[in-house]
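Chemist: Pasting a structure here, questions to come.
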Amino acid sequence: MKPRRLKLPALLLAVALLAGCRGRGPAGAEAAKAEKTEFMMDTVITITAYGPGAEEAVNAALAEMRRISALMNADDPESEVSRLNANAGKRPVKVSPETFYVLALAQRYSELSEGAFDVTVRPLVKLWGIGKKDKYVPAEEAVARARSLVNYRDLVLDEAAQTAYLERPGMGVDLGGVAKGYGADRAREVLREHGIRSALIDAGGNIWAIGSRPDGRPWRIGIRNPRPEHGGELLAVLPSEDLTLVTSGDYERYFIKDGVRYHHIFDPRTGRPARRAISATIVGQNSAEADVLSTAVFVLGPEKGLALIRRLGRLEAVVVTPDEKIVSTGNLEDRLEVVRREGGTGDAGR
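Residues 66 to 415, numbered by this note's numbering, are exactly what the sequence shown covers, in order.
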């Protein structure tokens, strides 16, 4: 397929376009609607559901996400992940089946991405502290020390005993790149268990479009520009039914020092913010998987990142490069509805 030239700046952060969705069913009757917003997992989470029992379903879905956060939040000293980190180099820690599953999934994709995603990135997260303390660029020696403690191979998982063990003192697991996606997957299951067939989970860069809108039309998921000064907020829309979209980008948590943008997505191999992309969006059926891969593809960049997605199959991806070129896999570019073309230039191709 010949690449189209799209005058688009960077694509990023799927946000639901609810305008025009008034909660009417196919016959035009108003569908029961419930919508609640809560801050957890270091982001604002909004769940919107339609149908009988929607309010109870939304409450239950949010409660499930809170439960997952309590298990896997490395900043919560009472979480299982914090106990694992506190016992690094000392002893294995027994964890719940869910935490074990997420650790195993994260380690698997650490291997598949050849360390572009690394579940043991916690020492770098703590060192840089982006979004949690003053603007600070650590010395190279400190970066090297932290980087030496990052190695997913040193996370030992014992399935029979349901234990996890970090082999060296100072190591640490950080599930920030997967727990939110897993929480969204669990929230989706809870909604469906409550009989909800039309709903939207918006967890920052993680979107679950469940079923279709109440009127039977697809959800319209907007993709926002991380550089709004280059052409406005919204760039494109992806009609979606039973799809999850997860985006990683350099614009959510960052600071600029001496003209350089320092953001929270680290390349574990350098110990510094990754520089091969400014956003990566993954479209699929499993938000935990898409969450991990959005980070991995962001770090790998378009060539190696999209090669990984093609190799895995069943997923689509869009990567925006630092020079604002847009590259996508498969037929995703043909499904995107471009709504703004000003500012920036770039090719979109397979």
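All C-beta atoms, glycine included, are put in the ideal place defined by N, C-alpha and C. Computed from a predicted model, the values in this text were never measured in an experiment.
Out of Glu389, Ala361, Leu168, Thr386, which one is the CA nearest neighbour of Leu377?
Modeler: Within the sequence shown, residue 377 is the residue found at index 312, counting from 1. Comparing Cα positions, the closest option is Ala361.
Chemist: Spell out the partners DSSP gives Arg337 in its beta bridges.
Modeler: Counting from one through the sequence shown, the residue named residue 337 turns up at place 272. Partner(s): Asp332.
Chemist: Buried or exposed for Val221, going by 16 or more other Cβ atoms inside 10 Å?
Modeler: Residue numbering aside, residue 221 sits at position 156 when the sequence shown is read from its first letter. So Val221 counts as exposed.
Chemist: If we count the other Cβ atoms within 10 Å of its Cβ and call it buried at 16 or more, is Ala92 buried or exposed?
Modeler: Start at 1 with the first residue of the sequence shown, and residue 92 comes out as number 27. Any answer about Ala92 is weak, because its pLDDT of 46 lies below 50 and its placement is not dependable; what the coordinates show is given next. Classification of Ala92: exposed, given that the 10 Å Cβ count is below 16.
Chemist: I believe Gln227 touches Val186 by the beta-carbon criterion, under 8 Å. Please report the beta-carbon distance rounded to the nearest angstrom.
Modeler: As a working mapping, residue 227 is identified with position 162 in the sequence shown. As a working mapping, residue 186 is identified with position 121 in the sequence shown. Rounded, the Cβ-Cβ distance is 23 Å, inconsistent with contact.
Chemist: Using three-state DSSP, classify Ala230 as helix, strand or coil.
Modeler: For the purposes of this step, residue 230 is identified with residue 165 of the sequence shown, where counting begins at 1. Correcting the residue identity first, residue 230 is Tyr in this sequence and not Ala. Looking at Tyr230 - three-state DSSP - the assignment turns out to be strand.
Chemist: With a threshold of 8 Å between beta carbons, is Gly276 in contact with chain B?
Modeler: The structure shown contains no chain B; it holds only a single protein chain.
Chemist: If we call anything under 8 Å between Cβ atoms a contact, is Ala339 one with Val364?
Modeler: Counting from 1 along the sequence shown, the entry for residue 339 is found at position 274. Counting from 1 along the sequence shown, the entry for residue 364 is found at position 299. The answer is yes: Cβ separation under 8 Å.
Chemist: Suppose you measure from the CA of Val302 to the CA of Ala153; what does that come to, to the nearest Å?
Modeler: Mapped onto the sequence shown, residue 302 falls at position 237. Mapped onto the sequence shown, residue 153 falls at position 88. Val302 and Ala153: Cα-Cα distance of roughly 44 Å.
Chemist: By how many angstroms is the C-alpha of Ser134 removed from the C-alpha of Asp323?
Modeler: As a first step, residue 323 is located in the sequence shown; it is residue number 258 there, counting from the start. As a first step, residue 134 is located in the sequence shown; it is residue number 69 there, counting from the start. Whole-angstrom Cα-Cα distance: 36 Å.
Chemist: In this structure, how does DSSP classify Asn138 when only helix, strand and coil are distinguished?
Modeler: Taking the sequence shown and counting its residues from 1, one reaches residue 138 at position 73. Residue state, collapsed to three classes: coil.
Chemist: For Glu389, does the count of other Cβ atoms within 10 angstroms reach 16, so buried, or fall short, so exposed?
Modeler: Along the sequence shown, read from residue 1 onward, the residue named residue 389 stands at position 324. Glu389 is buried by the Cβ-count criterion.
Chemist: How big is the Cα-Cα spacing for Lys245 and Gly116?
Modeler: By one-based count along the sequence shown, residue 245 stands at place 180. By one-based count along the sequence shown, residue 116 stands at place 51. Their Cα atoms are separated by approximately 25 Å.
Chemist: State the start and end residues of the unbroken alpha helix (DSSP H) segment that holds Phe165.
Modeler: In the sequence shown, counting from the first residue as 1, residue 165 sits at position 100. Start and end: 162 to 177.
Chemist: Let me know the secondary structure DSSP gives Glu145 once reduced to three states.
Modeler: Counted from its first residue, the sequence shown places residue 145 at position 80. Three-state result, Glu145: helix.
Chemist: Please state if the CB of Leu231 and the CB of Asp250 are separated by a distance shorter than 8 Å.
Modeler: Position 185 of the sequence shown holds residue 250. Position 166 of the sequence shown holds residue 231. For Asp250 and Leu231, no; Cβs fall outside 8 Å.
Chemist: Which of the three DSSP states, helix, strand or coil, is assigned to Val364?
Modeler: Taking the sequence shown and counting its residues from 1, the one referred to as residue 364 is at position 299. Helix at Val364.
Chemist: With the cut-off set at 8 Å, would you say Ser305 and Pro279 are in Cβ contact?
Modeler: Taking the sequence shown and counting its residues from 1, one reaches residue 305 at position 240. Taking the sequence shown and counting its residues from 1, one reaches residue 279 at position 214. Their beta carbons are not under 8 Å apart, which means Ser305 does not touch Pro279 by this criterion.
Chemist: Tell me which residues share the same chain as Gly118 and place their Cβ nearer than 7 Å to its Cβ, disregarding the 5 neighbours each side in the sequence.
Modeler: As a working mapping, residue 118 is identified with position 53 in the sequence shown. Same-chain partners within the cutoff: His259, Gly260.
Chemist: What are the complete beta strand (DSSP E) segments, minimum 3 residues, inside the segment 180 to 251?
Modeler: Segments of the beta strand (DSSP E) lying fully in the segment 180 to 251: 220 to 223, 228 to 231.
Chemist: Taking just the CA atoms, how far does Leu371 sit from Thr394?
Modeler: Within the sequence shown, numbered from 1, the residue matching residue 394 stands at position 329. Within the sequence shown, numbered from 1, the residue matching residue 371 stands at position 306. Near 7 Å, if we compare the C-alpha coordinates of Leu371 and Thr394.
Chemist: Measuring only the C-alpha atoms, how far is Met130 from Lys369?
Modeler: The residue labelled residue 130 in the question sits at position 65 within the sequence shown. The residue labelled residue 369 in the question sits at position 304 within the sequence shown. In a straight line, the C-alpha of Met130 is about 33 Å away from that of Lys369.
Chemist: Note down the Cα distance separating Arg148 from Pro142, rounded to an integer number of angstroms.
Modeler: Indexing the sequence shown from 1 puts residue 148 at position 83. Indexing the sequence shown from 1 puts residue 142 at position 77. Roughly 7 Å between the two C-alpha positions.
Chemist: Looking only at DSSP bridge pairs, what is Ala382 linked to?
Modeler: For the purposes of this step, residue 382 is identified with residue 317 of the sequence shown, where counting begins at 1. Note: Ala382 sits in a beta bridge opposite Ile347.
Chemist: On the three-state DSSP scale, how would you describe Gly93?
Modeler: Taking the first residue of the sequence shown as 1, we reach residue 93 at position 28. Confidence in Gly93 is poor, its pLDDT being 46 and thus under 50, which makes the residue's placement too unreliable to answer from.
Chemist: State the start and end residues of the unbroken alpha helix (DSSP H) segment that holds Glu398.
Modeler: Residue 398 sits at position 333 when you count from the first residue of the sequence shown. Start and end: 397 to 400.
Chemist: If you check the beta carbons only, do Val167 and Asp239 fall under 8 Å apart?
Modeler: Working through the sequence shown from its first residue, we reach residue 167 at position 102. Working through the sequence shown from its first residue, we reach residue 239 at position 174. Cβ distance not < 8 Å, so Val167 and Asp239 don't count as in contact.
Chemist: Buried or exposed, going by whether 16 or more other CB atoms sit within 10 Å of the CB of Pro234?
Modeler: One-based indexing of the sequence shown puts residue 234 at position 169. So Pro234 counts as exposed.
Chemist: Buried or exposed: where does Gly269 fall if 16 or more other Cβ atoms within 10 Å of its Cβ makes it buried?
Modeler: On the sequence shown, position 204 is the one that residue 269 refers to. Gly269 comes out buried.
Chemist: List the residues that DSSP assigns as beta-bridge partners of Lys322.
Modeler: The residue labelled residue 322 in the question sits at position 257 within the sequence shown. Answer is Val325.
Chemist: Using the rule of at least 16 other Cβ atoms within 10 Å of the residue's Cβ for burial, across every protein chain shown, is Ile272 buried or exposed?
Modeler: Numbered from its first residue, the sequence shown carries residue 272 at position 207. So Ile272 ends up on the buried side.
Chemist: In whole angstroms, give me the CA-to-CA distance for Met137 and Val215.
Modeler: Here residue 137 refers to the residue found at position 72 when the sequence shown is read from its first residue. Here residue 215 refers to the residue found at position 150 when the sequence shown is read from its first residue. Taking the straight line from one Cα to the other gives about 18 Å.
Chemist: Would DSSP call Ser305 helix, strand or coil?
Modeler: In the sequence shown, residue 305 corresponds to position 240, counting from 1. Note: Ser305 maps to strand in three-state DSSP.
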